[in-house]
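Following: one structure in structure tokens, then a few remarks.
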Amino acid sequence: MTLFQNFLHNNISLIMALTAIARILFCAVGIGLSIYAFFVETTKEHDIHYKALCDLSESVSCSAVFTSEYGRGFGIVQHIFGKDHFLNMPNSIFGITFFIVQLAGLNHSNKFLLDVLFWMTAMGIVMCFYLAYILAFILHDFCVICVSTYGMSFGLHYLNYAARKAYDLQSKKRK
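Terminal number for the sequence shown in UniProt numbering: 175, no gaps in between.
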């Protein structure tokens, strides 16, 4: 057993407490960013002259991204189900839901839940790459809010990985 593995094995409770604190921070920031994105999108829809704090230039504009066809239903839903389908909602609503559900990971005692959250963030990362591609190569824009939420998703994925490992170590320790 390496020194690092030995440390992990002997400090599982500490590691789980630290990951819980980190999870709360990542989720709180993710929820806050998603709420702000929703606010910017809905405000811009009602006031075309509104300039969001994240609109720094013509090529660095979150409101341009949020109000684009890719800002609702990931730019996919409207082509499958139509523009008026209930799933063709602002991406920020999906973000708020995603980060709220990730708070369920504070319960480290359920392996199935930890697995679901891990695979949920894995799919979230796939969506991050898809949306980053849209930003860079289709919209030719940089969205500070979007990229920040991608960072929160990557952070949560790592935490979910760590929580699963800690659960496995704890299970082995009990045996």
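Cβ coordinates follow ideal geometry from the N, Cα and C atoms, glycine included.
**Report entry** Assigned secondary structure, D168 (DSSP; H/G/I helix, E/B strand, else coil)
**Finding:** helix
Query raised in the report: Does the beta carbon of R23 sit closer than 8 Å to a beta carbon anywhere in chain B?
Result: Note that chain B does not occur in the displayed structure, where there is just one protein chain.
Report task. Within the same chain, show all residues whose beta-carbon is closer than 7 Å to that of V65, passing over the 5 residues directly before and after it, in chain order. Result -> Once the five neighbours on either side are set aside, the close Cβ partners of V65 are G71, L135, L139, D141, C143, C146.
Report task. With a 10 Å radius around its C-beta and 16 neighbouring C-beta atoms as the bar for buried, classify A37 as buried or exposed. Result -> buried
Requested in this report: Specify whether the stretch 77 to 91 and the stretch 155 to 165 touch according to this definition: at least 3 beta carbon pairs, one from each stretch, less than 8 Å apart.
Outcome: no
**Report entry** CA-to-CA distance, T2 to Y150, given in whole angstroms
**Finding:** 33 Å
Query raised in the report: Candidates I35, S63, L169, L33: which alpha carbon is nearest H46's?
Result: The residue among I35, S63, L169, L33 with its C-alpha nearest the C-alpha of H46 is S63.
**Report entry** Minimum C-alpha distance to M120 - residue among F98, E41, I93, E69
**Finding:** F98
Requested in this report: Verify whether the separation of the beta carbon atoms of I21 and Q170 is less than 8 Å.
Outcome: no
Query - Length of the line joining the Cα atoms of V60 and M127 - result: 20 Å
Query - Sub-8 Å separation of I31 and I93 beta-carbons - result: no
Query raised in the report: Do you know offhand how far S148's Cα is from L14's?
Result: 27 Å
Query - Outcome for N91 when other beta-carbon atoms lying within 10 angstroms are tallied against a minimum of 16 - result: buried
Report task. Just grab the DSSP bridge partners of D55 for me. Result -> S61
**Report entry** Residues sharing a beta bridge with I72, DSSP
**Finding:** Reading off the sequence, residue 72 comes out as Arg, not Ile. In DSSP, R72 forms a bridge with P90.
Requested in this report: For A122, I'd like the list of residues in its chain whose CB is within less than 7 Å of its CB, leaving aside the five on either flank, ordered along the chain.
Outcome: H157
**Report entry** For F112, the first and last residue of its enclosing alpha helix (DSSP H)
**Finding:** 111 to 133
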